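> Have a look at this one.
Number of protein chains: 2
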Amino acid sequence: MKYKAIQLIKRPQAEITPDIFKMVTLETPELKKGQILLRQTHMSLDPAMRGWMSEDTKSYIPPVSLGEIMRSSGVAEVVESRHGDFPVGTHVIGMMGWTEYAISSGEGLQALPAGIPAEAVLAVLALPGVTAYQGLMNIGKPKAGETILISGAAGSVGSIVGQIAKAEGLHVVGTAGTGEKCRWLEHELHFDKAINYHTPNLNQEIADATPNGIDLYYENTGGPVQHAAFARMNTFGRIVVCGMISDYNTSTPEPGPNWIPIIKKRLKIQGFAMPDHWGDISELSQKVAVYLLKGQIKYRVHILDGLESAIEGINLLFTGGNKGKLMVKL
Amino acid sequence: MKYKAIQLIKRPQAEITPDIFKMVTLETPELKKGQILLRQTHMSLDPAMRGWMSEDTKSYIPPVSLGEIMRSSGVAEVVESRHGDFPVGTHVIGMMGWTEYAISSGEGLQALPAGIPAEAVLAVLALPGVTAYQGLMNIGKPKAGETILISGAAGSVGSIVGQIAKAEGLHVVGTAGTGEKCRWLEHELHFDKAINYHTPNLNQEIADATPNGIDLYYENTGGPVQHAAFARMNTFGRIVVCGMISDYNTSTPEPGPNWIPIIKKRLKIQGFAMPDHWGDISELSQKVAVYLLKGQIKYRVHILDGLESAIEGINLLFTGGNKGKLMVKL
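Quick note, the sequences are listed as chains A and B, same order. Using numbering that gives the first Met the number 0, you'd call the opening residue of the first sequence number 0 and step up by one each time. Using numbering that gives the first Met the number 0, you'd call the opening residue of the second sequence number 0 and step up by one each time.
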């Protein structure tokens, strides 16, 4: 059976351009014992992919090799099986890449319970949810009554961070790039306050929204929000550095704040990346599912149609053009 | 009995100038029950004092009030006693301030074992040693074989950090401001390498001295070493922020590095201040004493003579002019 896949054939310069990808047609081989054939139904597009495309060997997982199928996670159905744990009809989540079909030994795949839509899996239970939980709960260690500021709060991770923080009793403030996103955060997700970071009075608006200062800053963006948040940190404040999306596509990233407040306020700043925690994904995912099943996590999805749409569509993540968790329906 | 003391009467602007202090003559009162009279013999001068002079309420302990005797730690002898735990002749360490005599209830004082010279107490067992130990061992959590870079390595804290790190089996590199200090670090303290940060090739010299990258950066200074060190950090590197002495006396501190490497390398950056750990001082001091008694910690002292010498002498800490742990002999 023939299927389409997309290879990475060049490293991006600053922006992601269509010429760095190549669409290829492949043929499914005969399955060996222990193998399964997966038909991917939903493919996730995430900001971390920008790092996977670059040759920077200091990144947290090896880059995608040139000529290799572009890396991504997705939801798939087992359509042929020679593996006892994955009978035909099983739905799984895993790193299948930009492809319609994939052969797997089952390694790194997780079977999904029936009845949870693939969209909810990718938007909440998969990378966004476990990233949100790991950063907020295991690194940030929030306490009820504390104030959290989240940059990129309308993003797939930020929106879940805010809702878990709300469920845990924090005062939750977020920043986002449009008035529409801010209204969604306040009215649908019940953030205490959402601020459009394009305001000319960013520092003042953040100060007004955090009358007791900031105990926890969840960093998804970098940029001006970082400096305003840093200046509002309380003593023993924690900063969880999850993303710097406003700086990923530039060759001249902005400087960070001076470190004197790190001493004066005894701040802890910690970066993390989910590949370090893949062994805990299943446990983390179950913890996120608890909030989801209680109705404490709402989500929006932005669905692109067909494998090829990923090539241009991934840039929506960097322009802020996506209106929810970005994914491709195959 | 009459004695001299020095009050803080103004906040410093950028630099510490003599007009912010006032020498006063006081008289010792009659001791009440539970009180002791202390004659201070050695008074410590430390960089943290710059923060104690400022009104910045975000600093880690309250500033010295105007009109109050300037705060400092020191070694003293009990010369009169109405307190059973502190008989006449006991040597103690504690926060006595810029004064020749002090009345105390004993609170916050620690008795010193006989036979350890006051100079060693202030240079190693007191603030420098416990600060070095807390930052290096409890926050930095070093492992044998790792590489540590220490800025301000010839300073009272940095020189002990390097020697404890060496005793713990690390590859130890330090930066300092003069060739003489670098030679002392390499030849007397057995640092693997010491680099004069005034070199025009700072980045290259740091790279050459840390062929396996930097696992642990112990920050005492800020400035150019910070940027060079940050760029050399390894994955899962830790940065202990103990001091930013090159920025304390300026009103326009330099920006820090961009935060993208915090994610890519999953760095942890943490500030600390000893007043948070005063409950552990005795235990920390005992841990430092072990290295001292094994001959693993050498120290130099720079002794000023007489109470009044503190007024000008404290600036040696900020110009780098001191040739060892700075203290005043009374």
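Quick reminder that beta carbons are idealized off the backbone N, C-alpha and C, glycines included. Bear in mind that the values here come from a model prediction, so they are computed numbers and not experimental data.
1) Verify whether the separation of the beta carbon atoms of G96 (chain A) and M69 (chain A) is less than 8 Å.
2) Against chain B, which members of the region 137-148 of chain A pass a CB distance test of less than 7 Å?
3) Can you name the residues that DSSP bridges to K322 (chain A)?
4) With burial defined as no fewer than 16 other Cβ atoms inside 10 Å of the residue's Cβ, what is the status of M232 (chain A): buried or exposed?
5) Determine, using beta-carbon pairs with one atom in the region 218-229 of chain A and one in the region 256-276 of chain B, whether at least three such pairs fall under 8 Å.
6) Take the Cβ of E145 (chain B) as the centre, count every other Cβ of all protein chains shown within 10 Å, and call the residue buried at 16 or more, exposed below.
7) Taking 8 Å as the threshold (beta carbon to beta carbon), is L266 (chain A) in contact with chain B?
8) Tell me, please, whether the CB atom of V87 (chain A) is closer than 8 Å to any CB atom in chain D?
9) Would you say V156 (chain B) reaches chain A, if we count a Cβ-Cβ gap shorter than 8 Å as a contact?
10) Take every Cβ of the region 281-299 of chain B, pair it with every Cβ of the region 260-272 of chain B, and state whether three or more of those distances are shorter than 8 Å.
11) If I follow the unbroken alpha helix (DSSP H) through F229 (chain A), where does it start and stop?
12) Just checking my contact of V120 (chain A) with V74 (chain A) at CB under 8 Å: how many whole Å lie between their CB atoms?
13) Going straight from the alpha carbon of F331 (chain A) to that of G212 (chain A), what length do you get?
14) Please report how far the alpha carbon of A175 (chain A) lies from the alpha carbon of S284 (chain A), in whole angstroms.
15) Find out if the Cβ-Cβ distance for the pair R10 (chain A), M52 (chain A) is shorter than 8 Å.
16) According to DSSP, is D45 (chain A) helix, strand or coil?
17) Work out the CA separation of A208 (chain A) and G128 (chain A) for me, nearest whole Å.
18) Excluding the 5 residues preceding and the 5 following I159 (chain A) in the sequence, name in chain order all residues of the same chain whose CB lies nearer than 7 Å to its CB.
19) Could you compute how far the alpha carbon of C241 (chain A) sits from the alpha carbon of A113 (chain A)?
20) Looking at the strands, I want to know which residues DSSP matches up with I147 (chain B).
21) Given L7 (chain A), which residues of its chain have a CB within under 7 Å of its CB, disregarding the five upstream and five downstream residues?
22) In whole angstroms, what separates the C-alpha of M0 (chain B) from that of I302 (chain B)?
23) Roughly how many whole angstroms lie between the Cα atoms of T24 (chain A) and Q109 (chain A)?
24) Residues of chain B with CB closer than 8 Å to the CB of G242 (chain A), please, in chain order.
25) For the candidate residues A:I102, A:R38, A:M48 and A:N137, whose alpha-carbon lies nearest to that of H90 (chain A)?
26) Taking A4 (chain A) as the reference, give the member of A:G320, A:L316, A:E307 and A:M273 with the closest Cα.
27) Compare the C-alpha of A288 (chain A) against each of A:Y217, A:L111 and A:K32 and name the closest.
28) Please confirm if W183 (chain B) has its CB atom under 8 Å from at least one CB of chain A.
29) Within a Cβ cutoff of 8 Å, which residues of the same chain sit near Y2 (chain B), ignoring the five residues on either side of it in sequence?
30) Could you give the first and the last residue of the continuous alpha helix (DSSP H) run that contains P246 (chain A)?
31) Using the beta-carbon count (16 or more within 10 Å), is G157 (chain A) buried or exposed?
32) Spatial neighbours of G270 (chain A) within its chain, please: CB distance less than 7 Å, with the 5 preceding and 5 following residues excluded, ordered by chain position.
33) Quick check on V87 (chain A): buried or exposed, where buried means 16 or more other Cβ atoms within 10 Å of its Cβ?
34) Could you give the distance in angstroms between the alpha-carbon of E106 (chain A) and the alpha-carbon of K142 (chain B)?
35) For R70 (chain A), which three-state DSSP category applies?
36) Does DSSP put H90 (chain A) in a helix, a strand or coil?
The structure says:
1) Their beta carbons are under 8 Å apart, which means G96 (chain A) touches M69 (chain A) by this criterion.
2) Listed in chain order, the positions of the region 137-148 of chain A with a beta carbon within less than 7 Å of a beta carbon of chain B would be empty, since no residue qualifies.
3) Note: K322 (chain A) sits in no beta bridge, so no partner.
4) It counts as buried.
5) Contact between the region 218-229 of chain A and the region 256-276 of chain B is present, because at least three Cβ pairs lie under 8 Å.
6) A residue is called buried once 16 or more other Cβ atoms fall within 10 Å of its Cβ, and E145 (chain B) is buried on that count.
7) Residue contact check for L266 (chain A) against chain B: a CB pair falls below 8 Å.
8) This model lacks chain D altogether, as its protein chains are A and B.
9) Closer than 8 Å: no.
10) No contact exists between the region 281-299 of chain B and the region 260-272 of chain B.
11) P223 to A230 is the extent of the alpha helix (DSSP H) around F229 (chain A).
12) Indeed they touch by this definition, with Cβ atoms about 5 Å apart.
13) Outside the modelled stretch of chain A, which goes from 0 to 329, sits residue 331 (chain A), for which no answer is possible.
14) Each residue's Cα considered, the two are about 26 Å apart.
15) The answer is yes: Cβ separation under 8 Å.
16) Here D45 (chain A) sits in coil by DSSP.
17) When rounded, the distance between both Cα atoms is 25 Å.
18) If we look at I159 (chain A) and ignore the five residues flanking it on each side, its Cβ neighbours are V123, P127, G128, A131 and I296.
19) Taking the straight line from one Cα to the other gives about 31 Å.
20) Per DSSP, B:V171 and B:L215.
21) Exclusion of the five residues before and after L7 (chain A) leaves I19, F20, M52, V63, L65, E67 and M69 as the residues of its chain whose Cβ lies within less than 7 Å of its Cβ.
22) One C-alpha to the other measures close to 26 Å.
23) Cα-Cα distance, rounded: 27 Å.
24) For a Cβ distance threshold of 8 Å, residue set I262 of chain B lies close to G242 (chain A), ordered along the chain.
25) For H90 (chain A), the nearest C-alpha among the options comes from A:R38.
26) When only C-alpha atoms are compared, the closest one is A:E307.
27) Residue A:L111 is the option with its Cα nearest to A288 (chain A).
28) No, W183 (chain B) lies away from the interface with chain A (no Cβ there is under 8 Å from its Cβ).
29) Taken in chain order, the residues that qualify are T24, L25, E26, T27, T98, E99 and Y100.
30) The residue you asked about is not Pro; residue 246 (chain A) is Asp in the sequence shown. That run of the alpha helix (DSSP H) goes I244 to Y247.
31) The Cβ neighbour count for G157 (chain A), taken over all protein chains shown within 10 Å, is at least 16; the residue is labelled buried.
32) Excluding residues within five positions, the ones whose Cβ falls inside 7 Å are V240.
33) Around the beta-carbon of V87 (chain A), fewer than 16 other beta-carbon atoms lie within 10 Å, marking it exposed.
34) Rounded to whole angstroms, the gap between the alpha carbons of E106 (chain A) and K142 (chain B) is 33 Å.
35) R70 (chain A): coil per DSSP, three-state reduction.
36) Strand, per DSSP.
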